[in-house]
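Numbers given in the working numbering equal positions in the sequence shown, counted from 1, plus 262. Backbone N, C-alpha and C define an ideal beta-carbon position, used for all residues, glycine too. To start, the structure under review is shown below, and the notes come after it.
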Amino acid sequence: MLASQLLAPTLRGMPAEAETVSHQLMLRAGLIRQVASGMYTHLPLGFRALQKVGNIIREEMDRAGGQELLLPIVQPAEIWQESGRWDVYGPEMFRLQDRHGRHFCLGPTHEELITVLVRQEVNSYRQLPLRLYQIQNKYRDERRPRFGVMRGREFVMKDMYSFDRDAAGMEESYRILGEAYHRVFSRCGLHFRMVEADTGAIGGAVSHEFMALAASGEAEIVYCPECDYAANVEKAACHPRPAGVTAAAGTGLEAAEIVPTPGARTMAEVAAYLSLPAAQLIKTLIYQADGRLVAVLVRGDRQVNEVKLQRQLGCLDLELAPDESVTAALGCPPGYVGPVGLPAGIPVYADTEVPIIRRSAAGANREGCHYVNLEPGRDFAADVVADLRTVEAGEPCPNCGHPLEKARGIEVGQIFQLGTKYSQTLGATYTDADGGEKPVIMGCYGIGVSRTVAAIIEQRHDEKGIIWPVSAAPFAVVVVPVSEKESRQMELARRVYGLLRDQGIEAVLDDRDERPGVKFADADLIGFPYRVTVGRRTLEQGTVDVKERATGQEEAVPVDRVSGYLAEALDQGR
Ligand code: ATP
Ligand code: MG
């Protein structure tokens with residue numbers, strides 16, 4: 263490819279709208295351009311990287327017994343109504359009607375369509391197991407599209423679905439795919455961890471996510487440095503920990519009383535004002551769950567885990583109630599809300615630690631006032647007590663007791679043991695060897711292909727630009743003649759470029775009429791794994807300078823050896 267003809271519009275300045283490094287670099291290196299919020303065009307370089315990652319995935323899915331197919335993006339509402347998900351998928355689903363008024367959606371995922379296919383085409387145990395996958399655009403009207411292609415509203419996903427005769431078969435498919443996922447992400451050059459995960463809207467019993475570790479990741483995980491326990495905090499179970507505040511048995515407990523706490527609204531301010539540790543306070547938050555108010559209690563130093571809360575409530579939509587709704591319902595602003603004397607219509611959900619906090623303090627549902635000496639059971643009661651909080655670093659590992667550590671990650675893939683969730687509702691059955699009719703047992707396995715490209719960049723870059731692994735690089739090599747005006751240099755550069763192409767190496771010849779500084783800066787920004795510089799030394803000594811992007815190491819290589827040298831280096835880097 264000639265750089266003069268390549269549509270790779272690099273930017274010098276920092277794009278103001280990009281918050282993460284990968285988003286900045288994808289814009290600056292000319293990989294993507296935004297079309298609308300969460301919708302992007304992949305320019306040639308971005309598309310090549312996407313294809314590279316897609317092909318790694320393809321190879322590993324095929325190796326894991328997968329067969330590639332292509333389902334339509336537009337899906338009829340009926341199959342979603344049949345599975346029961348048309349009404350529960352919520353505002354993330356893009357819905358549309360055709361000219362006849364029939365309802366459709368743009369596929370956010372494809373469990374329904376594939377299960378209906380298998381219902382039609384598979385009827386005997388002899389056709390199982392079956393593993394089908396596709397690589398295709400998915401559509402989700404995300405509440406907060408951000409970080410470029412990391413959280414888009416249109417994005418590329420690989421989705422595989424497995425169909426087995428029984429649970430043991432499904433578990434075997436799950437194990438094989440888990441291993442395939444390890445190979446995919448290793449080949450992409452990512453540092454990642456497989457963690458236990460919540461099953462969310464997809465459903466099923468067992469699930470794991472693959473997290474590319476990155477400080478900017480939206481997901482938070484806990485892991486044990488001593489054993490192999492690792493989980494998304496949305497999933498990690500919490501056990502009540504004593505707050506260190508006790509009331510000796512038999513001592514007369516003082517009655518709860520209301521004290522003034524003017525200006526103290528946050529947990530820290532209240533703790534300081536009352537001279538109590540935050541662990542002795544009860545934090546009361548009012549949520550709006552499908553439009554209905556609920557009160558949620560956690561220890562003052564804990565965080566409510568909204569995924570656990572949503573699962574507990576079984577609601578479709580959950581958010582903190584706006585201040586005005588809280589004031590209208592309770593007569594005080596959110597900072598003074600507490601569990602005593604809440605209106606009867608507001609159910610109270612307490613985290614498992616709340617009932618063991620003694621002599622606690624909480625808002626009095628009166629502006630500028632808090633209760634002290636609160637005793638759970640005596641002064642207030644919860645309607646539901648459940649694990650509603652997020653695990654903290656330092657809590658003991660559920661397997662071995664060692665203190666847990668936290669990290670942030672980008673969810674690049676997730677796998678699920680679905681069981682019969684879809685085959686049952688959609689009636690996908692087969693006839694077993696004994697003649698009995700049984701539901702097929704399913705698993706599903708997703709990889710965010712476009713998100714994986716962004717995750718690679720998030721992990722592999724420096725201040726100059728992207729540092730592609732050879733496996734995902736849009737092109738492996740750029741050949742840079744120092745002076746495009748020097749016809750002999752240009753001629754030699756063309757020769758080197760030709761030698762590389764003959765060797766099957768994907769190369770770009772930077773034939774643009776630009777200063778060497780600009781060409782070098784673009785080469786670093788785009789992140790070609792190798793740069794071959796053709797300059798004065800090439801004419802004098804017959805060598806080119808081969809520079810490795812990742813290490814910065816440079817070596818003078820004779821022109822006639824350069825293609826062999828690079829073929830070997832690229833092979834090692836793969
Ligand atoms: P998230 O929790 O990040 O919203 P998800 O759990 O809803 O993702 P899945 O249904 O598991 O996503 O989809 C499979 C994969 O598709 C994810 O692991 C992720 O890599 C990718 N993915 C999901 N949503 C998006 C998105 N909005 N933009 C880009 N990739 C996405
Ligand atoms: Mg997921």
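{"query": "beta-carbon residue 371 near the ligand ATP non-hydrogen atom, thresh 8 Å", "result": "yes"}
{"query": "Distance cut-off 8 Å: residue 459 Cβ against heavy atoms of the ligand MG", "result": "yes"}
{"query": "Residue 447 Cβ short of 8 Å to the ligand ATP heavy atom set", "result": "no"}
{"query": "Residue 400, enclosing beta strand (DSSP E) - first and last residue", "result": "392 to 401"}
{"query": "Beta-carbon spacing of residue 793, residue 785 below 9 Å", "result": "yes"}
{"query": "Other residues of its chain near residue 826: CB distance less than 8 Å, five sequence neighbours each side excluded", "result": "765"}
{"query": "Contact test: residue 708 Cβ vs the ligand MG heavy atom, cutoff 8 Å", "result": "yes"}
{"query": "Cα-Cα separation between residue 774 and residue 735, rounded to whole angstroms", "result": "21 Å"}
{"query": "Segments assigned alpha helix (DSSP H), at least 4 residues, entirely inside the stretch 698 to 726", "result": "711 to 721"}
{"query": "Per-residue DSSP class, three states only, for residue 552", "result": "coil"}
{"query": "Same chain, Cβ closer than 8 Å to residue 512, five either side skipped, listed in chain order", "result": "Below a pLDDT of 50, predicted positions are generally treated as unreliable, and residue 512, at 46, falls in that range; no measurement from the model is reported."}
{"query": "Span separating the alpha-carbon of residue 721 from that of residue 314", "result": "17 Å"}
{"query": "C-alpha gap between residue 687 and residue 489, whole angstroms", "result": "39 Å"}
{"query": "Which listed residue (525, 569, 392) has its alpha carbon closest to that of residue 837", "result": "One cannot answer for residue 837 here, as it falls past the ends of the chain, which runs 263 to 836."}
{"query": "CB of residue 616 within 9 Å of CB of residue 544, strictly", "result": "yes"}
{"query": "Every unbroken alpha helix (DSSP H) within the stretch 757 to 821, with a cutoff of 4 residues, ordered by chain", "result": "778 to 788, 798 to 803"}
{"query": "Same chain, Cβ closer than 6 Å to residue 788, five either side skipped, listed in chain order", "result": "291"}
{"query": "Helix, strand or coil at residue 833 [DSSP, three-state]", "result": "helix"}
{"query": "Residue from 577, 431, 530, 387 with nearest C-alpha to residue 349", "result": "577"}
{"query": "The alpha helix (DSSP H) enclosing residue 313, as first and last residue numbers", "result": "306 to 325"}
{"query": "Assigned secondary structure, residue 669 (DSSP; H/G/I helix, E/B strand, else coil)", "result": "strand"}
{"query": "9 Å Cβ cutoff met for residue 703 and residue 425", "result": "yes"}
{"query": "Given residue 585 as reference, the closest of 563, 555, 680, 498 once Cα atoms are compared", "result": "555"}
{"query": "Length of the line joining the Cα atoms of residue 251 and residue 598", "result": "An answer regarding residue 251 cannot be provided, because it is not within the stretch 263 to 836 covered by the chain."}
{"query": "Stretch-stretch touch, CB-based, cutoff 8 Å, three pairs: the stretch 475 to 483 with the stretch 363 to 381", "result": "no"}
{"query": "Distance CB(residue 705)-CB(residue 676) smaller than 9 Å", "result": "no"}
{"query": "Environment of residue 751 [buried if 16+ CB atoms lie within 10 Å]", "result": "buried"}
{"query": "Own chain residues within Cβ distance below 7 Å of residue 622, not counting five before or after", "result": "542, 543, 544, 636"}
{"query": "Option in 497, 549, 813 with minimal Cα separation from residue 608", "result": "549"}
{"query": "Whether residue 732 touches residue 770 by CB criterion (9 Å)", "result": "no"}
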